[in-house]
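A short write-up of the structure that comes next.
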Amino acid sequence: MFKSSQVKSSLSILIFGAMTLFASCKNPKDELLPQDAKTVKTTTSSSNSFRVSNDSIFQQNGRLVFRDASVLQNTVNALANMSFEEKQAFENKFENYTSWRKFNQDNAGNDNVFPLYFKADESSLPTFVTAFINTKREYQIDKTIVYLEEGNTYEIPEAQENSLKQEGKFTASNLSSFQTNTFRIM
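Structure below.
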């Protein structure tokens, strides 16, 4: 069984590393791609040998589930080095999955749709992170769902998902006992 302390430690390392690498982001729209990028065709590059096996990453309830923290870390490392097309191909491997990154990209320039962000008064997450987080701000490691809202992360046991969601979504106001850490995007 995957231990909560391992999830916390892995998540903290992942988030700290991601935020340190991308400290230059200025606002939620920084992660949006230029309009020109929307017309790029999806292709795969032979330079990236990252492969997903069915048992290491899969889609469940619209979010990506990683077998363990090491699979997540390998995925993050791979996504950090992927081109736009490779990130898109990675996301397309999972039926019924829409990433935070893709949502923001698809809605860039639509004044009727506000982009997803991590914390309203700070910079957004880098696209290699938002490629594995769904539009409900979730991903999962083993049996633990990780939810992000307003600068906080929450680790929720999968078994409690249905009892904690309202209208199919988590809300931070119902999750105070699951808050694991607060971090700043530099």
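Okay, so the sequence shown: first residue is 221 according to the numbering used here, each after it adds one. Positions of the beta carbon are idealized from the N, C-alpha and C atoms, including for glycine. Quick caveat, the model's predicted, so the values are computed rather than measured.
Could you give the C-beta distance for Gly282 and Asn354, rounded to a whole number, given that I count them as a contact under 8 Å?
Contact flag correct, Cβ pair sits at about 5 Å.
What does the Cβ neighbour count give for Ser319, buried or exposed, with the cut at 16 atoms within 10 Å?
Ser319 should be labelled buried.
Any 3 or more C-beta pairs closer than 8 Å across the region 348-362 and the region 290-308
Yes: the two stretches touch, three or more of their Cβ pairs being nearer than 8 Å.
Which residues does DSSP list as the beta-bridge partners of Gln293?
The secondary-structure analysis by DSSP pairs Gln293 with nothing; it has no beta-bridge partner.
C-alpha distance - Gln293 paired with Asn401, whole-angstrom precision:
Using only the alpha carbons, I get a separation of about 18 Å.
Is Lys313 helix, strand or coil when you go by DSSP?
Lys313 falls in the coil class under three-state DSSP.
Looking only at its chain, what residues have a beta carbon closer than 7 Å to the beta carbon of Glu315, apart from the 5 residues adjacent to it on each side?
Excluding its 5 nearest sequence neighbours in each direction, Glu315 has C-beta neighbours in its own chain below 7 Å: Gln279, listed in chain order.
Could you tell me which whole alpha helix (DSSP H) segments of length 4 or greater appear in the region 299-384?
DSSP runs (the alpha helix (DSSP H)) wholly in the region 299-384: 304-312, 320-326, 347-350 and 381-384.
Coarse secondary structure for Asn401, derived from DSSP in three states:
Asn401 falls in the strand class under three-state DSSP.
Less than 6 Å between C-beta atoms, sequence neighbours within five positions excluded: which residues of the same chain meet that for Leu395?
Excluding sequence neighbours, Leu395 sits near Tyr374.
Per DSSP, what are the beta-bridge partners of Arg283 in this structure?
Paired residues: Gln280.
Report the rounded CA-to-CA distance for Gln386 versus Phe304, giving the unit in angstroms.
C-alpha separation (whole angstroms): 34 Å.
Pull up the distance between the alpha-carbon of Phe310 and that of Gly388, whole angstroms please.
Spanning the two alpha carbons is a distance of roughly 25 Å.
Cβ-Cβ separation, Gln360 to Val285 (assumed contact under 8 Å), whole Å
Right, the Cβ-Cβ distance comes to about 4 Å (below 8 Å), so this counts as a contact.
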